[in-house]
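Participant: To convert, take the position in the sequence shown, counting from 1, and add 466; that gives my numbering. Here a beta-carbon is modelled for each residue, glycine too, at the ideal position from N, C-alpha and C.
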Amino acid sequence: MEIWINPACSKCRGALALLDAEGAEYTVRRYLEDVPSADEIRDVLGRLGLEPWDITRTGEAVAKELGVKEWGREPGDRERWIEALSAHPKL
C-alpha cells in the first residue's frame with residue numbers, strides 16, 4: 467500500500483500512527499515533493515469512489531486564489547478539479 471502524506475499535516479501523521487499500530491506494510495509518498503499526475507489522481511479517486519472536490523482542501527490560500535469554492539461539481543467539471551490538484555498539490 468502507498469500512502470500520500472504531508473509530514474506537516476497532523477491527520478497524515480495520525481494515519482501513519484494507525485497503520486504502524488496495526489503493523490501494516492506501506493510506502494510513503496510525500497505528495498508535495500513527488501506530485502501525483504492527473505492520471506494517478508484519477509486512478510486513486512476511482513479506487514476510493516470519490517470525486518476530486520471531495521478531497522480538495524478549499525481553505526488553502528491557492529484554493530482561494532483559484533476560486534475553487536465556486537467551481538461546479540458535476541461530471542463535466544471533474545477534469546478541471548483534477549488538473550488543479552495535480553498543478554497545486556497543496557490542494
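For I548 and V528, I'd like the C-alpha separation in whole angstroms.
Facilitator: The alpha-carbon atoms of I548 and V528 are separated by roughly 15 Å.
Participant: With DSSP run on the structure shown, which of helix, strand or coil describes W537?
Facilitator: Note: W537 maps to coil in three-state DSSP.
Participant: Residue ranges of each beta strand (DSSP E) run of no fewer than 3 residues wholly in the stretch 470-523, ordered along the chain?
Facilitator: DSSP runs (the beta strand (DSSP E)) wholly in the stretch 470-523: 493-496.
Participant: So the alpha helix (DSSP H) K556 belongs to, where does it begin and stop?
Facilitator: Careful: K556 lies outside any alpha helix (DSSP H) and carries neither H nor E.
Participant: Across which residues does DSSP place E468 in a beta bridge pair?
Facilitator: DSSP output for E468 lists T493 as bridge partner(s).
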